[in-house]
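As you go down the protein sequences, you meet chains A and B in turn. Using numbering that gives the first Met the number 0, read the first sequence as starting at 0 and increasing by one per residue. Using numbering that gives the first Met the number 0, read the second sequence as starting at 0 and increasing by one per residue. Here a beta-carbon is modelled for each residue, glycine too, at the ideal position from N, C-alpha and C. Since the model is a prediction, treat every value here as computed from it, not as a measurement.
2 protein chains.
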Amino acid sequence: MSSLTGARPEFGKVVVFGVGLIGGSFALGLKAAEQVDEVVGFGRSLATLTQALDLGIIDRVGANAGQEVADADLVLIATPVGQMAEIMARIAPYLGPETVVTDGGSTKSDVVAVARSAFAERIAQFVPAHPIAGAENSGAGAARADLYRDKKVVLTPLPENTVLNVARVRSAWEWCGALIHELDAQQHDRIFAAVSHLPHLLSFALVNDLALRDNHDLLFSYAASGFRDFTRIAASHPEMWRDICLANRVALLDELDRYRAQLDEMRDALQRGDGDALECTFALARNARRNWGEGQLR
Amino acid sequence: MSSLTGARPEFGKVVVFGVGLIGGSFALGLKAAEQVDEVVGFGRSLATLTQALDLGIIDRVGANAGQEVADADLVLIATPVGQMAEIMARIAPYLGPETVVTDGGSTKSDVVAVARSAFAERIAQFVPAHPIAGAENSGAGAARADLYRDKKVVLTPLPENTVLNVARVRSAWEWCGALIHELDAQQHDRIFAAVSHLPHLLSFALVNDLALRDNHDLLFSYAASGFRDFTRIAASHPEMWRDICLANRVALLDELDRYRAQLDEMRDALQRGDGDALECTFALARNARRNWGEGQLR
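What follows is the structure, given as structure tokens:
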């Protein structure tokens with residue numbers, strides 16, 4: 000695909016492993032910006048790959064990963080984190096000298112560790128990234144060219160990365176409309192354990208708690224909009240979230256224990272009928288949530 | 000106000016205590032259906048009462064509660080639950096023989112107990128109700144004529160209520176567009192502890208946990224759509240939720256303990272790196288949440 004403006008697209012060949020919501024939206028975003036010549040897709044399911052072809056997400060289904068990455072400008076690994084080690088090991092020996100690899104994993108320390116082991120002396124070619132644009136829907140059918148518009152993408156560059164390689168990954172996400180931030184991988188994982196991974200665990204736990212009861216139909220029939228929003232993320236992809244929890248286990252356990260201590264305090268206040276303590280907690284939370292919500296609108 | 004069809008409205012005078020989201024929307028719903036002649040409002044804040052007048056929610060600010068309820072057809076008490084005892088005691092001696100009283104409280108056993116004490120031999124005139132149409136916004140400015148359209152209103156009628164009095168309360172909510180359900184008060188409180196009160200507590204706890212940290216600005220800056228939905232209910236009214244928690248303390252403590260046991264199980268699975276157990280829990284939750292969500296669309 001060449002640009003309407005006549006300029007050459009920034010990327011010739013892009014290879015995407017995992018053509019679902021994250022990988023598919025990345026491909027569609029680059030295509031919408033006319034910044035890629037050809038997208039080649041790999042995936043575990045032939046049905047998803049066929050769907051991605053039909054939807055124009057990819058131009059071709061890849062047959063040999065080593066061959067395809069040898070002359071690729073950019074490789075995105077957008078599978079659940081648990082599958083990344085195997086893919087990295089498969090492509091590492093064949094990476095072209097100019098090929099840059101990035102990923103879409105929700106955890107970073109573990110991905111960096113796996114990448115160091117797989118890419119070894121070529122680790123400079125791997126620039127880790129985390130697009131903050133999850134949705135409870137998954138699969139190629141959920142992919143959209145504008146998924147990343149005005150959404151954050153966090154890069155956690157490695158000391159070995161060249162400025163040029165970081166700039167190319169940054170540029171690809173920017174063509175998709177994203178706002179680029181940079182964090183250290185450990186800092187990234189601690190932050191997302193608190194603001195994303197913990198809430199997912201809490202939401203899964205609530206739905207599970209209700210679903211396992213004999214009177215679950217009665218209970219669910221009276222659940223309303225508060226329940227709907229609180230549990231939206233409990234419809235997230237189980238395998239992806241298993242991998243995230245395991246990958247970020249240490250930070251998540253730490254967050255879970257902090258939260259349980261907070262819950263214990265509230266339980267004590269409730270037990271002793273301490274309305275002032277409860278109201279104070281609720282008011283503090285309300286103010287913080289409202290301030291955050293208003294900041295999001297800016 | 001007389002009906003455009005020429006028919007008399009079902010209710011002549013309606014008195015509303017608390018002209019915020021719940022009481023104000025009830026008044027607007029009856030007015031939109033042309034089923035009320037006059038709405039008289041009471042409240043703690045002159046500013047809110049003035050706003051309710053300006054918005055056409057009420058026709059008049061009441062001066063003497065006893066006088067106003069003496070010839071009212073219907074009285075709605077839509078204040079936080081903690082204020083209801085005082086209002087009921089104030090109006091009980093003056094209730095007209097035909098006047099029916101209802102409420103909008105989110106808990107029912109405690110409201111019934113308070114009402115029995117206040118109304119004594121006139122308890123047959125009180126029909127408890129809980130409209131399931133909360134929102135994190137509150138106040139007269141948030142009131143809307145269609146707030147209750149296709150929303151559930153749960154009546155928990157008393158053995159003393161006449162069929163006629165229950166029918167009149169049912170009819171008022173139906174004119175507002177609501178779908179009427181009936182439950183026993185204790186059953187109501189157990190159900191809503193699970194599907195509403197517990198999620199609110201969990202959401203307040205998460206925001207509070209983050210807000211109290213030194214790096215809260217950094218954390219909140221990376222919070223995204225999952226966090227937004229999970230914590231929407233943490234912006235709910237602190238005083239109202241204090242009263243709900245205290246009023247439904249026993250059932251809520253029970254739910255909280257069940258939930259903590261569920262969380263402990265997930266923590267154990269995470270600690271021992273048991274991916275199968277985590278994925279199984281997540282998949283069960285996802286299926287239950289999706290089935291519920293699809294049921295909501297029907």
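Take the alpha-carbon of A:D102 and the one of A:G55: they are about 21 Å apart. With a beta-carbon spacing of about 15 Å, B:V113 and B:H129 fall beyond the 8 Å limit used to define contacts. Residues of the segment 152-176 of chain A with a C-beta atom less than 8 Å from some C-beta of chain B are V153, listed in chain order. By the criterion of at least three beta-carbon pairs nearer than 8 Å, the segment 224-238 of chain B is in contact with the segment 277-286 of chain A. The beta carbons of A:G176 and A:G28 sit closer together than 8 Å. B:I122 has its alpha-carbon roughly 7 Å from the corresponding atom of B:E159.
Under the 8 Å criterion on CB atoms, B:S235 is classed as interfacial with respect to chain A. Taking C-beta separations shorter than 8 Å and ignoring five residues to either side along the sequence, the partners of B:L251 in its chain run A192, H196, L197, L200, C244, following chain order.
The CB of B:Q82 never comes closer than 8 Å to any CB in chain A; the least such distance is about 13 Å. Taking a cut-off of 8 Å for Cβ pairs, the segment 203-214 of chain A and the segment 253-266 of chain A do not touch, as fewer than three such pairs fall below it.
Look at A:L252: its C-beta is under 8 Å from a C-beta on chain B. The beta carbon of A:D253 lies closer than 6 Å to none in the same chain, with the five residues before and after it left out. A:A26 and A:F10 have their C-alpha atoms some 11 Å from each other. When CB distances to chain B are screened at a threshold of 7 Å, the residues of the segment 250-275 of chain A falling below it are L251, L252, L255, R257, Y258, R259, Q261, L262, M265, R266, L269, Q270, G272, G274, in chain order. Contact with chain A is found for B:D228, since one of that chain's Cβ atoms lies less than 8 Å from the residue's Cβ. Shown here, A:E33 sits in coil according to DSSP, grouped into three states, outside any helix or strand. For B:E238, the residues of chain A that pass the 7 Å Cβ criterion are E278, in the order they occur in the chain.
Under DSSP, B:R59 takes part in a beta bridge, and its partners are B:V39.
Between the beta-carbon of A:A184 and that of A:S108 there is about 5 Å, and that keeps the pair under the 8 Å contact cut. Judged by DSSP secondary structure, A:I190 falls within the alpha helix (DSSP H) whose first and last residues are 184-191. What B:R241 touches in chain A, judged by beta-carbon distance under 7 Å, is G274, L277, E278, F281, going in chain order.
B:D208 is positioned such that its CB atom lies closer than 8 Å to that of A:Y258. Using a Cβ distance threshold of 8 Å, B:L146 and B:V168 do not count as a contacting pair. Comparing alpha carbon positions, the residue from A:Q82, A:G138, A:I90, A:V35 closest to A:T49 is A:G138. Proximity to B:R43 across B:E67, B:L73, B:Q82 peaks at B:Q82, based on C-alpha coordinates.
Buried is the label assigned to B:N164, since at least 16 other Cβ atoms lie within 10 Å of its Cβ.
Here B:V162 is exposed: its Cβ has fewer than 16 other Cβ atoms, across all protein chains shown, within 10 Å.
Judged by DSSP in its simplified three-state form, B:P96 adopts coil rather than helix or strand. DSSP, read as helix, strand or coil, puts B:L197 in helix.
Taking a Cβ-Cβ threshold of 8 Å, the residues of chain A close to B:G292 are R227, A234, in chain order. Selection A:L75, A:L277, A:A91 evaluated against A:A69 yields A:A91 as nearest (Cα-Cα). Closest in C-alpha terms to B:M87, from the list B:V15, B:A144, B:A51, comes B:V15. Looking at the DSSP output, B:E181 sits in a beta bridge with B:L154.
Put simply, the backbone Cα of A:G61 is about 32 Å away from that of B:R285. Taking the beta carbon of B:P198 as reference, the chain A residues within 8 Å of it are L205, G225, F226, F229, T230, listed in sequence order.
DSSP places A:L73 in the uninterrupted beta strand (DSSP E) bounded by 73-76.
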